[in-house]
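Take 2 as the starting number for the sequence shown in this note's numbering and just add one per residue. We treat Cβ as the ideally placed atom computed from N, Cα and C, and that holds for glycine. As the structure is a computational prediction, the values presented were derived from the model and not from experiment. A short worksheet on the structure shown next.
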Amino acid sequence: MSGWTGFVRNPVFLREVRVRMRGWRTPGIIVLYVGLLGLLAILIFAAAMQGSRPTGFAPEVGAVIYAALAMFQLVLLILAVPGLAAGAIAGERERQTLDLLLVTRLSAAQVVVGKLLAATGFALLLMFASLPVFGLIFLFGGFSLSRLGLSAVVYVVTVLLLGAVSLYFSALYRRTQTAVVAAYGVVTTWTLLSPLFGALTYHVFFDEHPPLWGLIFAYTNPAFGLAAAAGQPLETMTRLYSPILTTDAAREAIWWKYCLIALGLIALLLWRTVRRVDPARAPAGR
């Protein structure tokens, strides 16, 4: 299979989807995932309304519930995607089936794209399955549908970026365990430490003359991209960069700049992954 047909009707992706959707495990994970988000929403609502008489219009309660659900879902995706994607290629090597894939009519690029879609597709399914829970926020008012749409864009780009990073390590290392550890290490370290680096850059070392290069800590962190897209109260996170992003519009632009940089990184990582998988170009594995 060659040309665009191998990408649009990717056999690797279709096979992975059929295998994953068999049995009760996938529906059970979806129910558990949506149930956890729903339980969190109920607990936050109960805590926010404690001592108050419930009303139909409570925009401050809706904003708090959305902020908690949005960040909780981002954490779940960061924890889930590397585990789904880091073993995609390394696992084929361990089962000695990667060579069989590469001698088919599929190109190395089609194999990599199929693995990426298969690994990230389940995470995207979980994300879209949670939309009814997020829809409950509109019962309280004070939140726009456009903000939910922007947040969904950031989620999709983040899932693809996490999948591309994990897939690269899966192609880089021969052992699945090594690839998983490397993917989780890079993803969690950067996500957790880049806000610290940003705080040190703009509030400790360069308080008077803040440098432009420090914005890389905001433009490559999914948490800040989500905060800028979601609006209040998550938007207050972006004030960490207020010494150089002095206006609300400049801080809100973090989300689309994050998406552009993430798409560039996805393309670069996929290109590098294809070169490592292609038997004509692949160096010796580790």
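- As summarised for the segment 158-227, there are no continuous beta strand (DSSP E) elements at least 3 residues long confined to that stretch.
- The beta carbon of Y34 sits closer than 8 Å to those of L77, L127, A130 and S131, all from its chain and outside the five residues before and after it, given in chain order.
- Cβ neighbours of G36 within its own chain (closer than 7 Å, five residues either side excluded): none.
- Out of L163, L197 and P196, the CA that lies nearest to the CA of G186 is found in L163.
- Within a 10 Å sphere around the beta-carbon of F206 sit fewer than 16 other beta-carbons, which makes this residue exposed.
- Taking the Cα of S167 as reference, the smallest distance to any Cα among R16, L270, T27 and M22 is reached at L270.
- Closest in alpha carbon position to Q233, among G29, A48 and A71, is A71.
- Distance from the CA atom of R273 to the CA atom of T192, rounded to whole angstroms, is 22 Å.
- In the assembly as shown, V188 is a buried residue. Its beta-carbon has 16 or more other beta-carbons within 10 Å.
- Counting only unbroken stretches of 4 or more residues, the alpha helix (DSSP H) elements lying wholly within the segment 125-155 are 132-136, in sequence order.
- The C-beta distance from L227 to S152 rounds to 6 Å, short enough to fall under 8 Å.
- Its chain contains no residue whose beta carbon lies nearer than 7 Å to that of V20 once the 5 sequence neighbours on both sides are disregarded.
- In the displayed model, L99 falls within a helix according to three-state DSSP.
- Taken through DSSP and simplified to helix, strand or coil, R106 comes out as coil.
- Proximity of the segment 75-89 to the segment 108-123 meets the contact definition, three or more beta-carbon pairs being nearer than 8 Å.
- Between Y242 and A219, the C-beta spacing is below 7 Å.
- For the pair V157 and V82, the Cα-to-Cα distance works out to about 12 Å.
- In this model, N222 and I245 are separated by some 17 Å (Cα to Cα).
- A straight line joining the alpha-carbon of L80 with that of A251 spans about 30 Å.
- Only residues of its own chain outside the window of five on either side were considered, and among them L41 and I45 have a CB closer than 7 Å to the CB of A69, listed in chain order.
- The Cβ atoms of T121 and L149 do not sit closer than 7 Å to each other.
- Annotated three-state conformation of M50 is coil, per DSSP.
- Rounded to the nearest angstrom, the Cβ distance from F135 to G63 is 10 Å, too far for a contact under 8 Å.
- Three or more beta-carbon pairs drawn from the segment 167-185 and the segment 89-108 are found closer than 8 Å, and the two stretches are therefore classed as touching.
- About 6 Å separates the beta carbon of A124 from that of L85, a gap short enough to meet the 8 Å contact definition.
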